[in-house]
Amino acid sequence: MNIDLHSHSMQSDGVLSPTDVAERAHANGVDWWALSDHDETSGLAEAAQAAANLDMGFIPGVEISVTFCDKTVHILGLHIDPANADLAAGLAAIRRSRFDRAHRMADRLADCGIADAFEGALRYVDNPDLISRVHFARHLREQGHVKSLQQAFDRYLGDGKRASVVIQWASLEQALGWIRAAGGKAVIAHPGRYKYTPQQHDALFQTFKDLGGQGIEVVTGSHTPAQYKQYAKLAAAYGFQASRGSDFHAPGAGRVDLGGMPDLPDGLIPVWQDWI
Ligand code: AMP
Ligand code: MN
Ligand code: MN
Ligand code: MN
């Protein structure tokens, strides 16, 4: 079975509608699919309907922005009930802080000689409730300030770069509380991407486990084959279940398309064992 439990639509920083993501997943041979937009569940109803029309399995998801040891960590909530009031209120608060950050990033860009970046980024926003650094990156690229999205992050938007603004996302405890309230399973997204010291890295997994976190992504679009092995070992050591997801955002972007990753390494308990 081809199971892809991490993807984005234009309800957050992807470029396709939930229906178009569903159709692309299905065309790529995906049997079970999760939409997991950043801090947003507004695409899930359309996604569920599209998956049903295609006779493809669907798991409702969300990718929550969290601050741990002063850095951003992404926590997937899988098999959530998006109608849960605690989850909805928590995500709404994060989306509001995204707008505060966006105004401050635009001020920093103005200091770099790039005027009106907030209005510019807004032209790339499809969901009026959610603005992302990716919308700024698309604007900077289209205006010729940078050649690629990667360069926009490297020069201006990436952590510690000229226009970056640090904000406090949810705490790990809050995010896991909302996911639990919504009946979902918490999974650490792309664990190989966090630039922690070895001590902080261990603290993330131990704290997550102590708070009731259950899974980590082992096979994901941004992991190397060496990292599949590394995080398979880590999952076994901590007793975590393992997930698999492309982290698809846009056709042609990223290393893998929907459903295009290798299978989970042998010997792991998949996060989907209770659902599929
Ligand atoms: P935000 O959630 O608004 O802080 O934006 C983070 C998003 O930007 C991630 O989910 C990725 O989709 C994207 N992103 C982060 N770093 C990079 C990068 N170096 N190059 C391209 N996209 C990136
Ligand atoms: Mn993203
Ligand atoms: Mn992420
Ligand atoms: Mn993602």
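Under the numbering used here, the first residue of the sequence shown carries the number -14, and numbering increases by one thereafter.
Ideal Cβ positions, reconstructed from N, Cα and C, are used throughout, including at glycine.
Using three-state DSSP, classify residue i as helix, strand or coil.
i      : result
H23    : strand
P176   : helix
P113   : coil
I(-12) : strand
A220   : helix
N260   : In the sequence as presented, Asn is not what sits at residue 260; that position holds Trp. Of the three classes helix, strand and coil, the one that applies to W260 here is coil, per DSSP.
P255   : strand
Residue i lies in the beta strand (DSSP E); which residues open and close that run?
i    : result
G62  : 56 to 63
P45  : 42 to 53
Q226 : 226 to 230
I201 : 200 to 205
Rounding to the nearest angstrom, what Cα-Cα distance links residue i and residue j in this structure?
i      : j      : result
V58    : A220   : 17 Å
D259   : G42    : 14 Å
M92    : D144   : According to the sequence as given, residue 92 is Asp; it is not Met. Computed Cα separation, rounded: 16 Å.
D187   : N38    : 43 Å
D251   : V204   : 12 Å
H(-7)  : H208   : 17 Å
I265   : D22    : Because the chain spans -14 through 261 in this model, residue 265 falls outside it and cannot be assessed.
T192   : A100   : 42 Å
S228   : M(-14) : 13 Å
Q159   : H11    : 34 Å
G224   : G105   : 46 Å
E8     : Y216   : 30 Å
D(-11) : V241   : 11 Å
Rounded C-beta distance between residue i and residue j? I'm assuming under 8 Å.
i    : j     : result
L134 : A122  : 4 Å
L243 : F233  : 5 Å
G206 : A171  : So it is not a contact: roughly 20 Å between Cβ atoms.
L115 : R80   : 5 Å
V6   : G14   : Contact flag wrong, Cβ pair sits at about 14 Å.
G230 : H(-9) : 3 Å
V131 : R140  : 6 Å
What residue range is occupied by the uninterrupted alpha helix (DSSP H) comprising residue i?
i     : result
Q184  : 183 to 195
R93   : 70 to 96
L1    : Per DSSP, L1 belongs to no alpha helix (DSSP H) and is neither H nor E.
Q136  : 134 to 137
Q(-4) : No alpha helix (DSSP H) contains Q(-4), which DSSP labels as neither H nor E.
N38   : 29 to 39
Spell out the partners DSSP gives residue i in its beta bridges.
i    : result
A171 : G62
W154 : In the DSSP output, where bridge partners are listed per residue, W154 has none listed.
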